[in-house]
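Enquirer:
Residue numbers (the numbering used here): 791 to 1011.
1) Would you say residue 970 and residue 900 are within 8 Å of each other, going by their C-beta atoms?
2) Can you give me the Cβ contacts of residue 812 inside the same chain, cut-off strictly under 6 Å, excluding the 5 residues immediately before and after it?
3) How big is the Cα-Cα spacing for residue 860 and residue 867?
4) Looking at the structure shown, is residue 828 part of a helix, part of a strand, or coil, going by DSSP?
5) How should residue 883 be labelled, buried or exposed, when 16 other C-beta atoms within 10 angstroms of its C-beta is the threshold for buried?
6) Would you kindly work out how many angstroms separate the C-alpha atoms of residue 779 and residue 993, rounded to a whole number?
7) Taking only the alpha-carbon atoms, compute the straight-line gap between residue 974 and residue 837 and give it to the nearest angstrom.
8) Assign residue 914 to one of two classes, buried (16 or more other C-beta atoms within 10 Å of its C-beta) or exposed (fewer than that).
9) Less than 8 Å between the CB atoms is what I'm expecting for residue 894 and residue 937, so what's the real figure, rounded?
10) Could you name the residues of the same chain whose beta carbon sits closer than 7 Å to that of residue 890, not counting the 5 residues immediately before and after it, in chain order?
11) Going by C-alpha to C-alpha distance, which of 851, 934 and 885 sits closest to residue 892?
12) Could you pull out every residue in the same chain whose Cβ sits closer than 8 Å to the Cβ of residue 874, ignoring the five residues on either side in sequence?
13) Quick check: the Cα distance between residue 919 and residue 928, rounded to an integer number of angstroms?
14) Distance check for residue 961 and residue 1005, CA to CA, integer angstroms please.
15) So, with DSSP's three-state summary, where would you put residue 943?
16) Taking the runs of the alpha helix (DSSP H) that are 4 residues or longer, which of them lie wholly in the stretch 821–867?
17) How should residue 930 be labelled, buried or exposed, when 16 other C-beta atoms within 10 angstroms of its C-beta is the threshold for buried?
18) Considering Cα atoms alone, identify which of 943, 959 and 886 is closest to residue 910.
19) If we ignore side chains and look at the alpha-carbon of each, how far apart do residue 989 and residue 879 end up?
20) Can you give me the start and stop residues for the alpha helix (DSSP H) that residue 933 sits inside?
21) CA-CA distance, residue 985 and residue 957?
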């Protein structure tokens, strides 16, 4: 091989390595970042797209077929907690809806991928939005007696969501009747999704994306 050809071959190899290195801005192996997932909410036409994979609904419906669709849970968590979601990944929780709590201080916990300690403990006010923050609507917020959020929560292997157990009644007063709905969407087999972390919510790029989603959704209303 001539020296010039050798130099060209070496240069081509270095260029390939450089391109490969520069293309690794996302976590190794991840095929869907959290920002990728959040960005899909900008596509308002997806709401009416029936070709999307379906979602599984976890809710407080009356397991006996009656009309007492409240305070029915999947099981018990640690003392004082009830399980409302237990799902396998890869996937993401796409919608949260709650009503019946005395106030927005009702606590929620998220466990990802078999964690023994919750990755995040929050409240309905913090996760969805309090009465005083209409600027968060329609992506998340509080509207008469209901807390809701469309902010996705991604997980690679499993997701368990728990809620603080209902406050019992005192005397003749009735206790809390907790109603909940959580939609969990499965991702195609082989998808390596970036696991959600609470720190993501502080990322200026994520916050800007949420603001853009809100703006676009308001225009579509």
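Note that CB positions come from ideal geometry on N, CA and C, so glycine has one too.
Expert: From the atom records:
1) For the purposes of this step, residue 970 is taken as residue 180 along the chain shown, with counting starting at 1. For the purposes of this step, residue 900 is taken as residue 110 along the chain shown, with counting starting at 1. Taking 8 Å as the Cβ cut-off, residue 970 and residue 900 do not qualify as a contacting pair.
2) Position 22 of the chain shown, counted from the start, is the residue given in the question as residue 812. Only weak support exists for where residue 812 lies, its pLDDT of 38 falling under 50; the value from the coordinates is given anyway. The answer is none, since no qualifying residue turns up.
3) If you number the chain shown from 1, residue 860 lands on position 70. If you number the chain shown from 1, residue 867 lands on position 77. Spanning the two alpha carbons is a distance of roughly 18 Å.
4) Stepping through the chain shown from its first residue, residue 828 is reached at position 38. Reduced to three states, the DSSP call for residue 828 is helix.
5) On the chain shown, residue 883 is found 93 positions in, with the first residue counted as 1. It counts as buried.
6) Since the displayed the chain opens at 791 and closes at 1011, residue 779 lies outside it and no answer follows.
7) Here residue 974 refers to the residue found at position 184 of the chain shown. Here residue 837 refers to the residue found at position 47 of the chain shown. Cα to Cα, the separation comes out at about 15 Å.
8) Working through the chain shown from its first residue, we reach residue 914 at position 124. The residue is buried, with at least 16 neighbouring Cβ atoms inside 10 Å.
9) Position 104 of the chain shown, counted from the start, is the residue given in the question as residue 894. Position 147 of the chain shown, counted from the start, is the residue given in the question as residue 937. That belief holds up - the Cβ atoms of residue 894 and residue 937 are roughly 6 Å apart, short of 8 Å.
10) Mapped onto the chain shown, residue 890 falls at position 100. Once the five neighbours on either side are set aside, the close Cβ partners of residue 890 are 860, 966, 967, 968 and 969.
11) What you label residue 892 is simply residue 102 of the chain shown in a count that begins at 1. Out of 851, 934 and 885, 934 has the C-alpha closest to the C-alpha of residue 892.
12) Residue 874 sits at position 84 when you count from the first residue of the chain shown. Non-local beta-carbon contacts of residue 874 in its own chain, meaning distances under 8 Å to residues more than five positions away in sequence, involve 848, 850, 863, 864, 951, 952, 953, 970 and 972 in chain order.
13) The sequence position of residue 919 within the chain shown is 129, counting from 1. The sequence position of residue 928 within the chain shown is 138, counting from 1. Residue 919 and residue 928: Cα-Cα distance of roughly 11 Å.
14) By 1-based counting over the chain shown, the position of residue 1005 is 215. By 1-based counting over the chain shown, the position of residue 961 is 171. Computed Cα separation, rounded: 47 Å.
15) Position 153 of the chain shown holds residue 943. Residue state, collapsed to three classes: strand.
16) 824–829
17) Translated into the one-based positions of the chain shown, residue 930 becomes position 140. With 16 or more other Cβ atoms within 10 Å, it is buried.
18) Your numbering for residue 910 matches position 120 in the chain shown. Of the candidates 943, 959 and 886, the one whose C-alpha sits nearest the C-alpha of residue 910 is 943.
19) What you label residue 989 is simply residue 199 of the chain shown in a count that begins at 1. What you label residue 879 is simply residue 89 of the chain shown in a count that begins at 1. Each residue's CA atom was taken as its position, placing residue 989 and residue 879 some 21 Å apart.
20) By one-based count along the chain shown, residue 933 stands at place 143. Note, residue 933: premise wrong, no alpha helix (DSSP H); beta strand (DSSP E) at 930–933.
21) Counting from one through the chain shown, the residue named residue 985 turns up at place 195. Counting from one through the chain shown, the residue named residue 957 turns up at place 167. Near 32 Å, if we compare the C-alpha coordinates of residue 957 and residue 985.
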